[in-house]
Amino acid sequence: MARQLRFIPFVIATFMLICCTSPTHQSLEAISYCLKEDSLAEAEAYMDLININELNEEEKAIYYLQEAIITYKKYLHPKSFDGINYSIDYFSKKRDERNLAEAYFYKAALENEAGLTEKAINNLKCAEFEAQSIQDVALHHKIDELQCSVFGLSGLYEVSIKYARRNLEQAIQEKNKNWYVYALDALASAYYLMGKKDSALYYINKILPYEKYLEKETMAEVYTNIGVILSYQDIELAKKYLHKAITFKNYPNAYASLAFIEIGENNNRQAAKEHLDSALTYSTGKDAIYIVRKLTTLHMEDKEYEKACRVLLKKDSLTSIQNDIKQDLSRIQLRYDILYKEKRQSDLIHMALIIAILVVACIAFLIFHHQYRYLKVRKELMQRQMLIEKYNNKFKDLQLSEKEELRDNLISLQEKQAKAIYKGKQLYDHINEGGSVVNWSKQDYLIFIDYFNLVDASFSIRLETEYNNLSPRYKVYLILQNMGKSDEDIEYIFGIGKSAIRSIKSRIKLKNEENMSNKD
């Protein structure tokens with residue numbers, strides 16, 4: 001029955017096309033109808049029937065707008081913005097406010113997906129302005145909802161809350177429970193990221209009575225997000241939400257979050273591996289990459305090489321990670337074969353020799369690495385020491401009272417330096433142990449950046465010369481990349497999604513280009 005219903009929009013649109021005396025115009029009408037029904041495949045089929053060279057200006061403007069809608073709904077990146085720009089120019093010239101607002105919105109949506117956050121915000125503002133006189137709550141809702149998301153991912157939480165409240169009012173006005181739940185979820189997320197935990201919990205609790213208005217898959221995502229957020233505050237409550245998410249659907253992110261809780265709180269590696277194995281069973285595409293890497297790492301650390309091989313073989317059909325799997329599989333298989341031969345031959349002396357060589361190599365590496373870091377840090381320490389020595393040298397020429405004041409300044413400086421280094425070390429260890437920066441203040445960012453001078457002075461010099469105009473948050477992003485963190489790790493550390501990562505990359509690239517142009 002469901003399969004038969006899929007073709008209803010296509011049949012209706014075809015009937016509209018046959019009954020019309022203007023095939024081109026009616027094709028555009030049929031596409032519009034299919035888009036309203038979210039029948040993207042049928043809409044694309046009609047678009048293939050249209051010869052763009054036979055369209056007049058108005059039809060071209062509508063065609064390019066529909067093309068942008070399909071591109072956005074299929075989660076694709078546009079080859080260019082020329083088509084939607086044509087639509088905007090035409091609708092602006094004709095003062096077609098409705099279509100102009102739609103064109104600005106979908107251009108902004110595509111720009112946001114491409115990481116062009118500033119341009120997306122500008123076009124969203126244009127869409128909001130053009131839609132002011134239009135009595136269409138659905139149009140206002142989607143514009144406000146996207147603005148809520150974009151501003152939230154950009155760290156402008158108060159502005160994000162403003163649009164989330166608008167969405168809440170629209171949901172109440174239209175009695176749309178789906179809008180209502182997502183508005184509550186947006187408010188909860190924004191307040192949590194602002195550090196207002198009580199407000200976040202207030203809106204989270206208001207979601208619960210309305211779960212029946214969402215599909216199970218959607219509820220699994222909502223409860224998983226809640227569990228991830230609460231894991232920084234209340235582990236038991238977070239686990240409750242994550243388990244509830246799994247009751248709605250075997251959601252891989254929920255299993256993965258439970259695994260990280262088991263490792264971080266209880267150091268229960270076996271339970272963590274079981275959760276990650278479940279996550280891998282139900283994961284597809286890019287989500288599998290992160291889970292495979294974490295699970296194989298646990299198996300390899302526990303010297304369970306055969307299990308690590310089996311994990312990789314489960315997902316070796318994924319083309320997106322095929323190269324990674326081949327490399328990891330070859331490396332693990334080689335180690336497993338060596339181990340198997342050694343057991344078979346009972347060559348304990350040979351095994352001891354290999355272990356001894358590895359130990360010596362590790363010790364040599366640690367000594368070299370320590371010396372290397374010492375030489376890099378020396379310059380930074382000398383600069384700080386110069387100020388201390390400057391105070392010491394002035395003691396000879398000062399009166400007793402001045403000496404006391406200078407001594408106090410010297411002691412204060414030494415204490416501040418020690419505290420800053422200690423605090424920076426804590427923050428650095430926090431990141432390396434799988435922590436997050438969600439609750440960091442601006443001062444924490446600055447202390448972490450300053451401490452990283454002691455870890456990698458050469459990179460820090462490059463950071464201050466090539467990227468001196470970046471904010472502390474973006475500098476920390478570059479430091480995390482330098483530390484070898486993947487995009488998935490950074491998403492977890494910052495508490496953001498993939499689109500926010502793309503936005504950060506785009507912003508850094510833009511700032512770097514501006515810096516280079518200023519130097520020229």
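Heads up: the sequence shown begins at 1 in the UniProt record's numbering, then just goes up one per residue.
Beta carbons: idealized from backbone N, C-alpha and C, even for Gly.
The model shown is predicted, which means the values in this text are computed figures rather than measured ones.
1) As an exercise, report each continuous beta strand (DSSP E) stretch of at least 3 residues that is fully enclosed by the segment 473 to 514, in chain order.
2) From ASN56, ASN53 and ASP48, pick the residue whose C-alpha is nearest to that of ILE70; which is it?
3) List, from N- to C-terminal side, the alpha helix (DSSP H) runs of 4 residues or more that fit wholly inside the segment 248 to 292.
4) Under the rule that 16 or more other beta-carbon atoms within 10 Å means buried, what is GLU130, buried or exposed?
5) Secondary structure at VAL360, three-state DSSP: helix, strand or coil?
6) Can you tell me whether GLN132 is buried or exposed, with buried defined as 16 or more other CB within 10 angstroms of its CB?
7) Would you say TYR180 faces chain B, with C-beta separation under 8 Å as the test?
8) I need the straight-line Cα distance from TYR104 to LYS485, nearest angstrom please.
9) With distances taken Cα to Cα, identify the nearest neighbour of ALA245 among SER499, ASP234 and SER257.
10) Under three-state DSSP, which class holds VAL438?
11) Looking only at its own chain, which residues have a Cβ that is under 8 Å from the Cβ of ILE52, when we skip the five neighbours before and after it?
12) Which class does LEU76 belong to by DSSP, given the choice of helix, strand or coil?
13) Determine the DSSP secondary structure at GLU37, reduced to helix, strand or coil.
14) I'd like the span of the alpha helix (DSSP H) that includes residue 521, first residue to last.
15) Starting from GLU111, trace the alpha helix (DSSP H) in both directions and tell me its first and last residue.
16) Beta-carbon separation of GLY83 and ALA101 under 8 Å?
17) For ILE461, report the span of its alpha helix (DSSP H) as first-last.
18) If you follow the alpha helix (DSSP H) that LYS162 is in, where does it begin and where does it stop?
19) Taking ASP89 as part of the alpha helix (DSSP H), name the residues at either end of that continuous run.
20) Three or more C-beta pairs under 8 Å: does that hold for the segment 189 to 201 against the segment 224 to 235?
21) Give the straight-line distance between the Cα atoms of GLU491 and TYR467, rounded to the nearest whole angstrom.
22) For the alpha helix (DSSP H) containing ILE52, name the first residue and the last one.
23) Using a Cβ-Cβ cutoff of less than 7 Å, which residues in the same chain neighbour ASN178 once the five nearest sequence positions on both sides are dropped?
24) By DSSP, does LEU318 sit in helix, in strand, or in coil?
25) Taking only the alpha-carbon atoms, compute the straight-line gap between HIS243 and LYS175 and give it to the nearest angstrom.
26) Work out the CA separation of SER160 and ASN205 for me, nearest whole Å.
27) In angstroms, rounded to a whole number, what distance separates the CA positions of TYR106 and ASN268?
28) Is SER499 near GLU118, with beta carbons less than 8 Å apart?
29) For GLY115 and PRO472, what's the separation of their Cα atoms in angstroms?
30) The ligand COA heavy atoms versus the CB of SER506: any closer than 7 Å?
31) Roughly how many angstroms lie between the CA atoms of VAL359 and ILE367, to the nearest whole one?
32) Work out the CA separation of LEU124 and LYS36 for me, nearest whole Å.
33) So what does DSSP say about TYR422, is it helix, strand or coil?
34) Sort TYR474, LEU470, MET483 and ILE493 by Cα distance to GLU514 and report the nearest one.
35) In chain order, what residues of the same chain lie with their CB nearer than 7 Å to the CB of GLU262, ignoring the 5 residues before and after it?
On the basis of the data shown:
1) Those beta strand (DSSP E) runs which fall completely within the segment 473 to 514 and span 3+ residues do not exist here.
2) By one-based count along the sequence shown, residue 70 stands at place 70. When each option's Cα is compared against that of ILE70, the closest is ASP48.
3) Whole alpha helix (DSSP H) segments, 4+ residues: 252 to 261 and 269 to 282.
4) In the sequence shown, the residue the question calls residue 130 occupies position 130. GLU130 is buried by the Cβ-count criterion.
5) As a working mapping, residue 360 is identified with position 360 in the sequence shown. It is helical.
6) Taking the first residue of the sequence shown as position 1, residue 132 is located at position 132. GLN132 is exposed by the Cβ-count criterion.
7) Looking for chain B here will not work: only one protein chain is present.
8) If you number the sequence shown from 1, residue 104 lands on position 104. If you number the sequence shown from 1, residue 485 lands on position 485. Computed Cα separation, rounded: 36 Å.
9) As a first step, residue 245 must be located in the sequence shown, where it is residue number 245. In terms of CA proximity to ALA245, SER257 leads the group SER499, ASP234 and SER257.
10) Taking the first residue of the sequence shown as 1, we reach residue 438 at position 438. If DSSP states are grouped into helix, strand and coil, VAL438 belongs with coil.
11) What you label residue 52 is simply residue 52 of the sequence shown in a count that begins at 1. Correct list, in chain order: LYS60 and TYR63.
12) Against the sequence shown, residue 76 aligns to sequence position 76. In the structure shown, LEU76 sits in coil (DSSP, three-state: anything other than H, G, I, E or B).
13) As a working note, residue 37 is residue 37 in the sequence shown. Judged by DSSP in its simplified three-state form, GLU37 adopts coil rather than helix or strand.
14) Here the chain comprises residues numbered 1 to 520, so residue 521 is not present and cannot be evaluated.
15) Counted from its first residue, the sequence shown places residue 111 at position 111. It spans 97 to 113 - the alpha helix (DSSP H) in which GLU111 sits, taken as one unbroken run.
16) On the sequence shown, position 83 is the one that residue 83 refers to. On the sequence shown, position 101 is the one that residue 101 refers to. No, these two residues do not count as a Cβ contact at 8 Å.
17) The residue given as residue 461 occupies position 461 in the sequence shown. In the DSSP annotation of this structure, the continuous segment of the alpha helix (DSSP H) that includes ILE461 starts and ends at 457 to 466.
18) Numbered from its first residue, the sequence shown carries residue 162 at position 162. For LYS162, the enclosing alpha helix (DSSP H) stretches over residues 157 to 174.
19) Here the question's residue 89 lines up with position 89 in the sequence shown. Run containing ASP89: 82 to 94, per the alpha helix (DSSP H) assignment.
20) The segment 189 to 201 is in contact with the segment 224 to 235.
21) By 1-based counting over the sequence shown, the position of residue 491 is 491. By 1-based counting over the sequence shown, the position of residue 467 is 467. C-alpha separation (whole angstroms): 21 Å.
22) Working through the sequence shown from its first residue, we reach residue 52 at position 52. Counting along the chain, no alpha helix (DSSP H) covers ILE52, and no H or E run does either.
23) For this step, residue 178 is matched to residue 178 along the sequence shown. Same-chain partners within the cutoff: TYR213 and LEU214.
24) Position 318 of the sequence shown, counted from the first residue, corresponds to residue 318. Confidence in LEU318 is poor, its pLDDT being 49 and thus under 50, which makes the residue's placement too unreliable to answer from.
25) In the sequence shown, residue 243 corresponds to position 243, counting from 1. In the sequence shown, residue 175 corresponds to position 175, counting from 1. Computed Cα separation, rounded: 30 Å.
26) For this step, residue 205 is matched to residue 205 along the sequence shown. For this step, residue 160 is matched to residue 160 along the sequence shown. Those two C-alpha atoms are separated by around 20 Å.
27) Reading the sequence shown from its first residue, position 106 is the one you call residue 106. Reading the sequence shown from its first residue, position 268 is the one you call residue 268. In this structure, the straight-line span from the alpha carbon of TYR106 to that of ASN268 is close to 47 Å.
28) For the purposes of this step, residue 499 is taken as the residue at position 499 of the sequence shown. For the purposes of this step, residue 118 is taken as the residue at position 118 of the sequence shown. It is not a contact, given that the beta carbons lie outside the stated cut-off.
29) Indexing the sequence shown from 1 puts residue 115 at position 115. Indexing the sequence shown from 1 puts residue 472 at position 472. Rounded to the nearest angstrom, the two C-alpha atoms are 19 Å apart.
30) With respect to the ligand COA, the structure offers nothing, as it holds no ligand at all.
31) Start at 1 with the first residue of the sequence shown, and residue 359 comes out as number 359. Start at 1 with the first residue of the sequence shown, and residue 367 comes out as number 367. About 12 Å.
32) As a working note, residue 36 is residue 36 in the sequence shown. As a working note, residue 124 is residue 124 in the sequence shown. If I take the Cα positions, the gap works out to 21 Å.
33) Taking the sequence shown and counting its residues from 1, the one referred to as residue 422 is at position 422. In the displayed model, TYR422 falls within a helix according to three-state DSSP.
34) Working through the sequence shown from its first residue, we reach residue 514 at position 514. Of all alpha-carbon atoms in TYR474, LEU470, MET483 and ILE493, the one lying nearest the alpha-carbon of GLU514 is that of LEU470.
35) Counting from 1 along the sequence shown, the entry for residue 262 is found at position 262. So the qualifying residues of the chain are ASN268, ALA271, ALA272 and HIS275.
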